[in-house]
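Asker:
Numbering (our numbering), first residue to last: 56 to 511.
1) Just mark residue 397 as buried or exposed, buried being the case when its beta carbon has 16 or more other beta carbons within 10 Å.
2) Spatial neighbours of residue 72 within its chain, please: C-beta separation below 6 Å, excluding the five flanking residues on both sides.
3) So for residue 61, helix, strand or coil by DSSP?
4) How would you label residue 267, buried or exposed, when you count the other beta carbons within 10 angstroms and need 16 or more for buried?
5) For residue 478, which residues from the same chain have a beta carbon less than 8 Å from its beta carbon, with the 5 sequence-adjacent residues on both sides left out?
6) I need the straight-line Cα distance from residue 375 to residue 128, nearest angstrom please.
7) Any idea if residue 104 is buried or exposed, counting beta-carbon neighbours within 10 angstroms, 16 or more meaning buried?
8) Find out if the Cβ-Cβ distance for the pair residue 194, residue 142 is shorter than 7 Å.
9) According to DSSP, simplified to helix, strand and coil, what is residue 362?
10) I think residue 435 touches residue 326, with their Cβ atoms under 8 Å apart; what is that distance to the nearest whole Å?
11) Measuring from the CB of residue 408, is there a heavy atom of the ligand HEM at a distance below 6 Å?
12) Would you kindly check if the distance between the Cβ of residue 438 and the Cβ of residue 413 is under 7 Å?
13) Taking one C-beta from the region 333-349 and one from the region 206-225 each time, how about it: are there three or more such pairs within less than 8 Å?
14) To the nearest angstrom, how far is it from the Cα of residue 154 to the Cα of residue 407?
15) For residue 470, report the span of its alpha helix (DSSP H) as first-last.
16) Consult DSSP for residue 284 and reduce its assignment to one of helix, strand or coil.
17) When DSSP labels each residue in this structure, what does residue 274 get in the three-state scheme?
18) Do the region 174-182 and the region 239-246 meet, that is, are 3 or more Cβ pairs less than 8 Å apart?
19) If you compare alpha carbons, which of 196, 211, 383 and 358 is closest to residue 276?
20) For a test of the three-state rule: what should DSSP assign to residue 538, helix, strand or coil?
21) So for residue 502, helix, strand or coil by DSSP?
22) Whole angstroms are fine: how far does the CA of residue 447 sit from the CA of residue 466?
23) Which residues bound the beta strand (DSSP E) around residue 306?
24) Just reading off the alpha helix (DSSP H) that residue 145 is part of, what are its end residues?
25) If I measure Cβ to Cβ from residue 61 and keep anything under 7 Å in the same chain, skipping five residues before and after, which residues do I get?
26) Given a cut-off of 7 Å on the beta-carbon distance, is the pair residue 473 and residue 443 in contact?
27) Using beta-carbon positions only, say whether residue 255 and residue 200 come within less than 7 Å of one another.
28) Suppose the cutoff is 6 Å on Cβ atoms and the five residues either side in sequence are ignored; what does the same chain contact list for residue 386 look like?
29) Skipping 5 residues on each side, what residues in its chain have a beta carbon closer than 7 Å to that of residue 187?
30) By the three-class DSSP mapping on this structure, what secondary structure does residue 432 have?
31) So what does residue 324 bridge to, in DSSP terms?
32) Between 441, 394 and 404, which lies nearest to residue 456 when the distance is taken from Cα to Cα?
33) Going by DSSP in three states, residue 494 sits in which element: helix, strand or coil?
34) My output table needs one value for residue 441: the three-state DSSP class, helix, strand or coil.
35) Relative to the alpha-carbon of residue 424, which residue among 258, 383 and 459 has its alpha-carbon at the smallest distance?
36) Are the beta-carbon atoms of residue 299 and residue 258 separated by less than 7 Å?
Following this line, the structure appears as structure tokens:
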């Protein structure tokens with residue numbers, strides 16, 4: 056049942072599933088899962104072993120059960136089709152929102168300069184595809200995934216590269232993908248799916264992550280909601296999103312728009328489903344490290360510009376002298392930490408930087424903070440996605456570990472799509488290198504150039 060939330064806004068939430076069918080959540084709820092969480096998870100070696108067992112063992116088990124034991128039609132292999140292919144094959148109606156655009160992606164500056172070889176450029180420029188809204192009849196969407204079920208197919212966005220990209224849906228046991236044959240087994244089955252005549256879908260496995268939301272999901276929403284022809288179409292997003300994400304959604308969608316919150320495991324069958332094509336994408340994880348040319352993420356300049364301009368129009372980006380011009384981002388996380396963060400913070404503070412914790416601020420405050428900043432310094436983390444709100448003249452310094460598997464062009468591509476570039480200060484990973492790209496690291500304070508500390 057779709058129930059209204061007690062709010063002056065037009066928000067409704069679909070009931071949570073009566074049975075949790077998320078296999079990964081079930082496993083973590085067992086005594087063995089609780090033992091792992093309490094005693095083993097903090098050890099990098101244990102995490103690597105469990106991840107390997109899951110990524111290699113679960114697909115074999117799922118295939119065996121689906122093929123030999125249950126022979127269940129629900130879990131059969133289905134074609135995995137990209138949206139543009141589905142549009143052509145079905146001759147679906149589309150409404151064009153933006154032309155394809157080219158983005159120049161020069162090398163970021165690196166300190167120490169001798170460590171430049173850690174960076175491997177995926178491209179000097181890329182072309183982002185055109186953005187459009189497609190309409191599909193009789194489609195089913197599920198909470199926590201942007202994959203769409205229609206007829207006997209599963210539709211995905213055009214930037215997925217499944218031989219290289221591993222998905223959150225697979226990690227959580229909600230789907231099994233065969234990248235070679237472009238097929239998928241679907242393991243979420245809601246026997247009591249809700250029905251709606253028309254809706255626009257914006258659910259996404261990575262939506263709870265602030266950076267993914269801000270650069271991949273919210274720009275699609277701002278494009279869709281800006282069109283007068285779609286003003287009466289409800290939009291569907293993940294249930295359980297952080298209050299800052301919900302604040303950003305309401306600023307973009309407006310108070311009159313009907314918003315439906317869809318929990319993981321619940322299905323919504325739409326007689327008419329509006330799908331806004333991809334406006335930005337970075338893979339959840341790499342599927343196969345043996346392959347080259349992995350994506351570091353690509354983003355539509357037009358979509359990010361529209362999002363920024365929309366918030367400026369609502370007074371979110373009015374220049375204000377009360378906001379600091381030089382900011383140092385304090386990061387509170389269990390992974391990718393700067394080991395000597397306290398010393399680094401003190402050094403920047405002594406050079407006139409204000410130390411801020413973005414996660415303790417509202418969304419609107421974060422927009423104002425970043426839109427007024429002249430220079431930003433901080434370690435790699437979701438809060439840096441706010442650089443999309445910075446003016447083109449803002450200098451951006453990012454502390455990050457030395458690792459050849461790191462997608463160094465992720466932040467650079469976001470910056471370049473909004474008229475800026477970044478500077479990296481590379482740190483040596485701590486002794487526990489089994490954490491890979493998520494390892495904590497040390498910044499050599501003696502390598503920091505005066506141009507960064509002084510903001511020049």
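Where a beta carbon is used, it is the ideal one built from N, C-alpha and C, also for glycine.
Note that the structure is predicted; figures quoted are calculated from it, not measured.
Answerer: Let's see:
1) Under this definition residue 397 is an exposed residue.
2) Contacts found: 320 and 321.
3) Its pLDDT being 47, under 50, residue 61 is placed unreliably by the model, and the measurement read from it follows with that caveat. Coil at residue 61, not helix or strand.
4) Residue burial annotation: residue 267 is buried, with at least 16 other C-beta atoms found within 10 angstroms of its C-beta.
5) Within the same chain, Cβ atoms closer than 8 Å to the Cβ of residue 478 are found at 163, 164, 165, 166, 450, 451, 452, 453 and 507, the five residues on either side in sequence being excluded.
6) Distance between the alpha carbons of residue 375 and residue 128 is about 60 Å.
7) Residue 104 comes out exposed.
8) No, Cβ-Cβ distance for residue 194 and residue 142 is not below 7 Å.
9) The answer is helix: DSSP assigns residue 362 an H, G or I state.
10) That pair is no contact at about 43 Å.
11) Of ligands this structure carries none, so the ligand HEM is not represented either.
12) With respect to the 7 Å criterion, residue 413 and residue 438 are classified as neighbours on the basis of their beta carbons.
13) Pairwise C-beta distances place the region 333-349 in contact with the region 206-225, as three or more of them are shorter than 8 Å.
14) Going from the Cα of residue 154 to the Cα of residue 407 covers about 43 Å.
15) Residue 470: member of the alpha helix (DSSP H) spanning 464-471, first to last residue.
16) Looking at residue 284 - three-state DSSP - the assignment turns out to be helix.
17) Of the three classes helix, strand and coil, the one that applies to residue 274 here is helix, per DSSP.
18) These segments do not touch.
19) The residue with the shortest Cα to Cα distance from residue 276 is 358.
20) Since the first and last residues shown for the chain are 56 and 511, residue 538 lies out of range.
21) When secondary structure is reduced to three states using DSSP, residue 502 falls in the helix class.
22) Taking the straight line from one Cα to the other gives about 14 Å.
23) Where residue 306 is concerned, there is no enclosing beta strand (DSSP E), although the alpha helix (DSSP H) it sits in stretches over 298-308.
24) Annotation: the continuous alpha helix (DSSP H) that includes residue 145 extends over 138-145.
25) Any reading at residue 61 needs caution, since the residue's pLDDT is 47, under 50, leaving its predicted position unreliable; the model's value is listed next. Cβ within range, chain order: n/a, list empty.
26) In contact: residue 473 and residue 443 (Cβ atoms closer than 7 Å).
27) Not closer than 7 Å, so no.
28) Answer for residue 386: 434 and 436, listed in chain order.
29) Cβ neighbours of residue 187 beyond the five flanking positions: 149, 150, 151, 152 and 332.
30) The DSSP-derived three-state label of residue 432 is strand.
31) Residue 324 is bridged to 195 and 250.
32) Taking the Cα of residue 456 as reference, the smallest distance to any Cα among 441, 394 and 404 is reached at 394.
33) Reduced to three states, the DSSP call for residue 494 is coil.
34) It is helical.
35) Its Cα nearest to that of residue 424, the residue 383 stands out among 258, 383 and 459.
36) No, Cβ-Cβ distance for residue 299 and residue 258 is not below 7 Å.
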